[in-house]
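Below is one structure; the comments refer to it alone.
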Amino acid sequence: MPLIDTHAHLFLKEFSTDLKDIVSRAQNAGVFKILMPNIDSGTVDDLLKTEAMYPEICFPMIGLHPCSVNAHWEKEIQVVSAWLSKKKFVAIGEVGLDLHWDKTTFEWQKEALTFQIHFAKKYNLPLVLHTRNAINETLDIIIQNHFSGMKGVFHCFSGSEEQAKKIIELGFFLGIGGVLTFKNSGLSESLKNIPLSAMVLETDSPYLAPVPFRGKRNEPAYLVYVLKKLSEIKGGNEEEMARIIFDNTIKLFSNKCFKK
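So for the sequence shown, this note's numbering puts the first residue at 10; every next one is plus one.
This is how it looks when you write it as structure tokens:
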């Protein structure tokens, strides 16, 4: 049963002491590829070191996370641009908008996202979007800057069925993770009528571990619990669903770097 974790921060300090075991457990669970979204200029070195350790398993993205946007965001964008000019990445990410932590940077966040949408177009890369408390606001910017062939994923989707349909209409996928297993998330209901062809799976490790590990450190091996919950909601066979989602993931991240 082939699985790809489309969103895991394996380069963070939470994995510094047992990364080898983390990767081994992922492989044993059938998670044979792991995509790693960047955060900001301060994480690029560790991101690329992790890729170098596992070049056939861990694949990096490049981008500026909205929670790292501040008065110096333009310098951070220059760093992203410089890396894109000299190295291949699987996506522009993790980028987007966040209205949960710091609303005072929102205008800067919007400008930074717009720049990075242009990078996606220039380098023909998918966007991996962070949209915490800001799905509609992100949709507005995507619509304003939409281009032919634009694609990506709304990472850690936790919105409504209506929002899901709008996202799909724009050519984007829904990133489904541990939140799906949370009893009061409401996500099960939102996804009931959404086709499996619009979904990819993720863990967001080390965050948002699925039940029965909620509150603990998340890891890519736990992706199987997300798949299991999705199969319960959809009433499908896990193996068949895994194949569909695998094909979705390859379709979304279909670039030479990922095919190496």
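For every residue, glycine included, the Cβ atom is placed at its ideal position computed from N, Cα and C.
These numbers come from a predicted model, not from an experiment.
Where does ALA61 land, buried or exposed, given buried means 16+ other C-beta within 10 angstroms? Residue burial annotation: ALA61 is exposed, with fewer than 16 other C-beta atoms found within 10 angstroms of its C-beta.
Mind pulling the beta strand (DSSP E) runs of 3 or more residues that sit fully within the segment 41-112?
List check, beta strand (DSSP E) in window: 67-69 and 101-105.
field: Beta-carbon gap between ILE177 and LEU134 smaller than 7 Å
entry: Contact flag unset, no.
Does the distance from the CB of LEU196 to the CB of SER167 come in under 7 Å? Against a cut-off of 7 Å, the Cβ pair of SER167 and LEU196 comes out as a contact.
Return the residue from the list GLU171, PHE182 and GLY244 that minimises the CA-CA distance to GLY161. With distances taken between Cα atoms, GLY161 lies closest to PHE182.
* Asked: By Cβ distance below 8 Å, which residues in the same chain neighbour ALA230 in space, the five residues on each side in sequence not counted?
  -> Short of 8 Å from the beta carbon of ALA230, and not among the five residues preceding or following it, lie these beta carbons of its own chain, in chain order: ILE31, ARG34, ALA35, ASN37, ALA38 and VAL40.
If I follow the unbroken alpha helix (DSSP H) through VAL235, where does it start and stop? Per DSSP, the continuous alpha helix (DSSP H) segment holding VAL235 begins and ends at 232-243.
Let me check one thing: in DSSP terms, what residues is SER214 bridge-paired to? Paired residue(s): ALA17.
Discussion item. Given this structure, state the Cα-to-Cα distance separating ASN3 from ASP107, to the nearest angstrom.
Written reply: Because residue 3 is not part of the residues shown, which for the chain are 10 to 269, the question remains open.
7 Å CB neighbourhood of TYR216 in its chain, flanking five on each side removed: Result list for TYR216: ASN227, in chain order.
(Q) Tell me the residue span of the beta strand (DSSP E) that contains HIS164. (A) Annotation: HIS164 is outside any beta strand (DSSP E) and is labelled neither H nor E by DSSP.
**Prompt:** Taking LYS201 as the reference, which of SER25, ALA173, ASN193 and ALA129 has the closest Cα?
**Reply:** When each option's Cα is compared against that of LYS201, the closest is ALA173.
From LEU261, PHE222, LEU122 and ASN246, pick the residue whose C-alpha is nearest to that of VAL209; which is it?
Ranking the options by Cα distance to VAL209, first place goes to LEU261.
Exercise. Go ahead and pull the three-state DSSP assignment for ILE185.
Key: Three-state DSSP puts ILE185 in a strand.
Quiz item: What residue does the beta strand (DSSP E) around LEU138 start on, and which one ends it?
Solution: From DSSP, the beta strand (DSSP E) with LEU138 extends over 136-139.
Simplified DSSP assignment, three categories, for VAL220 | If DSSP states are grouped into helix, strand and coil, VAL220 belongs with coil.
Practice problem: Count the C-beta pairs between the segment 67-76 and the segment 40-55 that are closer than 8 Å, then say yes if the count reaches three, no if not. | Solution: Here the segment 67-76 lies against the segment 40-55, with 3 or more beta-carbon pairs under 8 Å apart.
Tell me the residue span of the alpha helix (DSSP H) that contains ASP27. Unbroken run through ASP27: none, as it is neither H nor E.
Original post:
What span of residues does the alpha helix (DSSP H) with SER194 cover, start to end?
Top reply: Annotation: SER194 is outside any alpha helix (DSSP H) and is labelled neither H nor E by DSSP.
Nearest CA to the CA of PHE115: which residue from TYR132, LYS96, LYS58 and THR140?
Taking only the C-alpha atoms, the option nearest PHE115 is THR140.
Note to self: Considering only their Cβ atoms, is the gap separating GLY184 from HIS164 smaller than 7 Å?
What the structure shows: Contact flag set, yes.
Select from VAL233, LYS238, LYS237 and ASN246 the residue whose C-alpha is nearest the C-alpha of ILE13. Ranking the options by Cα distance to ILE13, first place goes to VAL233.
Proximity below 7 Å, CB of ASP49 to CB of LEU73: Yes, the pair counts as a contact, with Cβ atoms nearer than the cut-off.
- Message: At the level of alpha carbons, what is the spacing between GLN153 and LYS175?
- Response: Approximately 14 Å between the Cα atoms of the pair.
Going by DSSP in three states, MET10 sits in which element: helix, strand or coil? DSSP places MET10 in the coil class of the three-state scheme, outside both helix and strand.
Discussion item. Need the endpoints of the alpha helix (DSSP H) that ALA121 sits in, please.
Written reply: ALA121 -> alpha helix (DSSP H) spans 115-132.
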